[in-house]
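Accompanying notes for the structure given below.
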Amino acid sequence: MPPWKKKKRSSGRSGAAAATPASTSAAPVLARAPQPPRRPSIWDDGLGRAAIRSAQVILVVVVAVAVVYVLIQLKLLVIPILIATVIAAAVSPLVAFLRRKGWPAALATWAAMLTGIGTISAVLWLVGRGIRNEWSSLVEEAGRGLDELQTYLAEGPLGLDDAQITAARESLTDLLASEQVQSGAIAGATAAIEAVTGIILGIVVLFFLIKDGKKIYGFLINPLDPQSRMRAERIGDRSVEVLGGYLRGTAIVALVDAVLIGAALAFLGVPLALPLATLVFLGAFIPLIGATLSGVFAALVALVANGPGVALIVVAVVIAVNQIEGDLLAPVVLGKALSLHPLAILMALTAGTILSGIIGALLAVPIAAVSWAAIKEWSATSDLDPGELTASGG
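Heads up: the sequence shown runs through residues -26 to -1, 1 to 368, numbered per mature numbering (1 follows the signal peptide of the UniProt record, and there is no 0).
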């Protein structure tokens, strides 16, 4: 090709380069108006942020106290509902089993409800039969045991002041004979009416929770957005699992504790072994301290009837049974139903006892366990997107 026919390659690039300034100059540049400097606020520094956070915490505490106050005023309504919820969660596997076998919903509900109520009634009847005739003797023997223990602490090697021992004993007596017990004895008719009303309400609520529990819960969480509704469904399923597992597992643990300690008392020749074993069974439903207190009661009776040697053996048996329960039995039977630290259990028991006496102590731990399980379930699903929630929930 002749040289004069060669094309210039740089014409396009130079044209584009030449067009760039033109296009740039064609677009007007708008200068932003200078903003006035922001005036500092008293809430911008560390102290101000701490004050805002403190006000938020105070508001949450005030709302929580108000809610607790309302619940206490409505305890005739709240306590039967809570008890019915725990029982419904405990018998839910039976309902599911009967429905899988082809039973109608109403028939499966009645069968499960009668099974739950019948079991609890039988246990209460056996407990009442075990301690009804021997209760006065049991209290008398325990009182004599306290007298001997007081004498030993004052005259023994410890040499404690008798006034200090008497003050501690009076404090314990005042705790056991609280104002609630005295007022209940005075207003016996009112207490009986409230008890009957609570039982009837609890039975009605139990029936509908067993039959339509999922529908009721679905209605309550229906206003939530889809993602929050899926989380709430998972929390509901986990709560039922925790409540049912807690009640069934605690009943098994209580039965094992009562059998082991009762057998040891009978073998050692301690009188009133059956009523003492019954107290151990009841005390096991109050975690961490119930079985221990009932074991101390048994040791006091053994101290009076059999002497300090047998009483020490009873204490050793109670400690050994508690260790077996805590290290072997409870992890297998309860599983993850009670994944609470002992300090949290103690705080829940204290709060429940202050708010509602023995019933509060019985319900405090399962409520705390469900609350903690709900928090963990919400935290476990908070990082999942809706697609992962659907896949895991479906």
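By construction, the Cβ of each residue, glycine as well, lies at the ideal position given by its N, Cα and C atoms.
Measure the CB-CB distance between residue i and residue j and report whether it falls below 7 Å.
{"i": "A58", "j": "L180", "result": "yes"}
{"i": "A63", "j": "L217", "result": "yes"}
{"i": "G326", "j": "A343", "result": "no"}
{"i": "D231", "j": "A265", "result": "yes"}
{"i": "E168", "j": "L50", "result": "yes"}
{"i": "I61", "j": "G90", "result": "yes"}
{"i": "G283", "j": "L267", "result": "no"}
Considering only residues of the same chain and omitting the five flanking positions on each side of residue i, which have a CB-CB separation below 7 Å?
{"i": "L336", "result": "F259 and I260"}
{"i": "S66", "result": "V214 and G218"}
{"i": "L303", "result": "V227 and V230"}
Let me check you understand the geometry: is the CB of residue i closer than 6 Å to at least one non-hydrogen atom of the ligand ATP?
{"i": "V244", "result": "Absent from the structure shown: the ligand ATP. Ligands present: none."}
Using the Cα positions of residue i and residue j, report the straight-line distance between them to the nearest angstrom.
{"i": "I298", "j": "L229", "result": "13 Å"}
{"i": "T224", "j": "F255", "result": "10 Å"}
{"i": "K189", "j": "A272", "result": "47 Å"}
{"i": "A237", "j": "I333", "result": "29 Å"}
{"i": "L262", "j": "G20", "result": "42 Å"}
{"i": "S353", "j": "I46", "result": "30 Å"}
{"i": "V289", "j": "K75", "result": "48 Å"}
{"i": "P340", "j": "Y220", "result": "7 Å"}
{"i": "A276", "j": "I184", "result": "45 Å"}
{"i": "V244", "j": "V97", "result": "24 Å"}
{"i": "V34", "j": "G187", "result": "30 Å"}
{"i": "V44", "j": "E351", "result": "27 Å"}
{"i": "V278", "j": "V31", "result": "53 Å"}
{"i": "R73", "j": "L88", "result": "16 Å"}
Which one of the options has the shortest CA to CA distance from residue i?
{"i": "I209", "options": "Y220, I263, G192 and R222", "result": "G192"}
{"i": "L253", "options": "V36, V42, L100 and R23", "result": "L100"}
{"i": "V178", "options": "I287, I55 and I32", "result": "I55"}
{"i": "V227", "options": "I235, A294, V307 and L286", "result": "V307"}
{"i": "A295", "options": "Q30, A251, G281 and L320", "result": "One detail in the question is off: residue 295 reads as Val in this sequence, not Ala. For the residues Q30, A251, G281 and L320, the minimum Cα distance to V295 belongs to A251."}
{"i": "L286", "options": "A247, L246, L242 and L320", "result": "L242"}
{"i": "L48", "options": "G172, R23, G22 and T93", "result": "G172"}
{"i": "R222", "options": "T93, F71, K350 and F182", "result": "T93"}
{"i": "A79", "options": "Q201, F182 and I32", "result": "F182"}
Does the Cβ of residue i have 16 or more other Cβ atoms within 10 Å, making it buried, or fewer, making it exposed?
{"i": "residue 379", "result": "Outside the displayed span of the chain (-26 to 368) sits residue 379, for which this structure offers no information."}
{"i": "R205", "result": "buried"}
{"i": "T83", "result": "buried"}
{"i": "I328", "result": "exposed"}
{"i": "L234", "result": "buried"}
{"i": "A247", "result": "buried"}
{"i": "V69", "result": "buried"}
{"i": "L239", "result": "buried"}
{"i": "S28", "result": "exposed"}
{"i": "G269", "result": "buried"}
{"i": "P305", "result": "exposed"}
Beta-carbon of residue i versus every beta-carbon of chain B: anything under 7 Å?
{"i": "A273", "result": "Of the protein chains in this structure there is only one, and it is not chain B."}
Leaving aside the five residues before and after residue i along the sequence, list all residues of the same chain whose C-beta is less than 8 Å from its C-beta, in chain order.
{"i": "L198", "result": "A206"}
{"i": "A348", "result": "I209, R212 and S213"}
{"i": "W346", "result": "S313, L314 and A318"}
{"i": "N196", "result": "R203"}
{"i": "residue 414", "result": "Limits of the chain in this structure are -26 at one end and 368 at the other, which puts residue 414 out of reach."}
Closer than 6 Å by C-beta to residue i: which residues in its own chain qualify, once you throw out the five before and the five after it? Chain order, please.
{"i": "G176", "result": "P54, I57 and A58"}
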